[in-house]
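K.L.:
Can you keep this structure in mind? I'll have questions shortly.
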Amino acid sequence: MTGNKPLAMVTGGSSGIGFELAKQFAKNGFDVAISGSSDKVNEAADALRSLDAEAYPFKADASTYDGVEGFWTFTQGLGRPLEAAALNVGIGIGGAFVDNDLEDEFRLLRINVTGTVHMAKRVVQHMVKNGRGRILITSSVSATLPTPYETVYGPSKAFGYMFAESLREELRSTGVTVTALLPGATNSDFHANAGMGDTKLGGQQKNDKTLVAKQGFEALMNDIDHVVGGDQNTKRQVLENRTTPEPVKAARQAELTQPQ
261 MTGNKPLAMV TGGSSGIGFE LAKQFAKNGF DVAISGSSDK VNEAADALRS LDAEAYPFKA
321 DASTYDGVEG FWTFTQGLGR PLEAAALNVG IGIGGAFVDN DLEDEFRLLR INVTGTVHMA
381 KRVVQHMVKN GRGRILITSS VSATLPTPYE TVYGPSKAFG YMFAESLREE LRSTGVTVTA
441 LLPGATNSDF HANAGMGDTK LGGQQKNDKT LVAKQGFEAL MNDIDHVVGG DQNTKRQVLE
501 NRTTPEPVKA ARQAELTQPQ
């Protein structure tokens, strides 16, 4: 019976990597609460139910306090302990910093940074009280290098990565684990939505989002601190980023992300 299954939540679970993560939970014995910013969240829930899981959709604007708090209140209203949480929702903005709209960049920070901290606070306090739980925070390979022409996005993902690693250490003795997922460029609508369709990166072949989600889910369930999501070339690039000087990485990345 679905009511006896463990409950997971996925923010930004209606499309892209978030939807694939929700499918991983559903296929592996969880019921899933998902949030999304459009009516597509209801379609995603229907698809999850076809995997023999119960799905609970919630439409919310993740850039607002009320949107984040509303999804948490909705999940708590299910009356079940939360066993796993994928804090996945995030957006990108391409283009030159000098040209981009300031309010758009503030919105990115509200979703990628403030909203992540907000939801993490609720999830952590709930799980620590219960003495168990698993948390996955979606960061990005962009957390490992400068990101010109995504100049606010990359640092927001670096925050997510270090936030996850820091929180993991704090919670070591509580029964709650934290894992960071660092996807490379993935075959979702992310780059198109970020206005990067005219960049070299936007036109490159991408990692499979189903594979990335599976890697993230397996790392979460095996209590691994972080995992790079993608193929061997993506993983190799992250290893190289550890030793490559920042100006070299910045120049290389600019060739991929500068609008044509």
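Every letter in the sequence shown is one number past the one before it in the numbering used here, and letter 75, counting from 1, is 335.
Just so it is clear, CB atoms sit at the ideal spot from N, CA and C, and this is done for glycine as well.
Being a predicted model, the structure only gives us computed values, none of them experimental.
1. Comparing C-alpha positions only, which one of 309, 281, 363 and 391 sits nearest to residue 349?
2. Ignore the nearest five residues each way along the sequence and tell me which others in residue 475's own chain have a CB closer than 7 Å to its CB.
3. Can you tell me where the alpha helix (DSSP H) with residue 370 in it begins and where it stops?
4. Looking only at its own chain, which residues have a Cβ that is under 6 Å from the Cβ of residue 346, when we skip the five neighbours before and after it?
5. Would you call the CB atoms of residue 314 and residue 268 closer than 8 Å?
6. Can residue 459 and residue 518 be called in contact, C-beta distance under 8 Å?
7. Could you check which residue in 515, 478 and 504 has the C-alpha nearest to that of residue 287?
8. What residue range is occupied by the uninterrupted alpha helix (DSSP H) comprising residue 425?
9. With three or more beta-carbon pairs closer than 8 Å as the criterion, would you say the region 284 to 301 touches the region 406 to 420?
10. Compute the beta-carbon to beta-carbon distance between residue 469 and residue 445, rounded to the nearest angstrom, for a pair I have assumed lies under 8 Å.
11. At the level of alpha carbons, what is the spacing between residue 330 and residue 503?
12. Whose CA, out of 461, 394 and 415, lies closest to the CA of residue 440?
13. Have a look at residue 205 and residue 385 and give me their C-alpha separation to the nearest angstrom.
14. Look up residue 328 in the DSSP assignment and say whether it is helix, strand or coil.
15. Straight-line CA distance for residue 448 to residue 276?
16. Specify, as a first and last residue, the run of the beta strand (DSSP E) that residue 408 falls within.
17. Considering Cα atoms alone, identify which of 323, 491, 461 and 302 is closest to residue 317.
18. Throw me the rounded Cβ distance for the residue 367 and residue 323 pair, which I believe falls under 8 Å.
19. Taking a contact to mean a Cβ-Cβ separation below 8 Å, would you say residue 328 touches residue 387 in this structure?
20. If you follow the alpha helix (DSSP H) that residue 276 is part of, which residue opens it and which one closes it?
P.N.:
Checking against the coordinates, here is how it stands:
1. What you label residue 349 is simply residue 89 of the sequence shown in a count that begins at 1. Checking every option, the nearest Cα to that of residue 349 belongs to 281.
2. Here residue 475 refers to the residue found at position 215 of the sequence shown. Correct list, in chain order: 487 and 489.
3. Here residue 370 corresponds to residue number 110 of the sequence shown, with the count starting at 1. It is not in any alpha helix (DSSP H) - residue 370 carries neither H nor E in the DSSP assignment.
4. Walking along the sequence shown from the start, residue 346 turns up at place 86. Correct list, in chain order: 270, 281 and 396.
5. Position 54 of the sequence shown, counted from the start, is the residue given in the question as residue 314. Position 8 of the sequence shown, counted from the start, is the residue given in the question as residue 268. Contact flag unset, no.
6. Your numbering for residue 459 matches position 199 in the sequence shown. Your numbering for residue 518 matches position 258 in the sequence shown. Result yes, Cβ atoms of residue 459 and residue 518 sit closer than 8 Å.
7. Taking the first residue of the sequence shown as position 1, residue 287 is located at position 27. Closest by alpha carbon: 478.
8. On the sequence shown, residue 425 is found 165 positions in, with the first residue counted as 1. If you look at residue 425, you'll find it in the alpha helix (DSSP H) that goes 413 to 430.
9. These segments do not touch.
10. Within the sequence shown, the letter at position 209 stands for residue 469. Within the sequence shown, the letter at position 185 stands for residue 445. Their Cβ separation, rounded to whole angstroms, is 10 Å, which puts residue 469 and residue 445 out of contact at 8 Å.
11. As a working mapping, residue 330 is identified with position 70 in the sequence shown. As a working mapping, residue 503 is identified with position 243 in the sequence shown. Taking the straight line joining both Cα atoms gives about 42 Å.
12. By one-based count along the sequence shown, residue 440 stands at place 180. When each option's Cα is compared against that of residue 440, the closest is 394.
13. Only positions 261 to 520 of the chain appear in this structure, which leaves residue 205 out of reach.
14. Residue numbering aside, residue 328 sits at position 68 when the sequence shown is read from its first letter. It is helical.
15. For the purposes of this step, residue 448 is taken as residue 188 along the sequence shown, with counting starting at 1. For the purposes of this step, residue 276 is taken as residue 16 along the sequence shown, with counting starting at 1. Cα to Cα, the separation comes out at about 5 Å.
16. Stepping through the sequence shown from its first residue, residue 408 is reached at position 148. Where residue 408 is concerned, there is no enclosing beta strand (DSSP E), given that its DSSP letter is neither H nor E.
17. Residue mapping note: residue 317 aligns to position 57 of the sequence shown, counting from 1. Looking at the Cα atoms, 302 is the closest of the given residues.
18. As a position in the sequence shown, residue 367 is number 107, starting the count at 1. As a position in the sequence shown, residue 323 is number 63, starting the count at 1. Right, the Cβ-Cβ distance comes to about 5 Å (below 8 Å), so this counts as a contact.
19. Working through the sequence shown from its first residue, we reach residue 328 at position 68. Working through the sequence shown from its first residue, we reach residue 387 at position 127. It is not a contact, given that the beta carbons lie outside the stated cut-off.
20. Counting from one through the sequence shown, the residue named residue 276 turns up at place 16. Run containing residue 276: 276 to 287, per the alpha helix (DSSP H) assignment.
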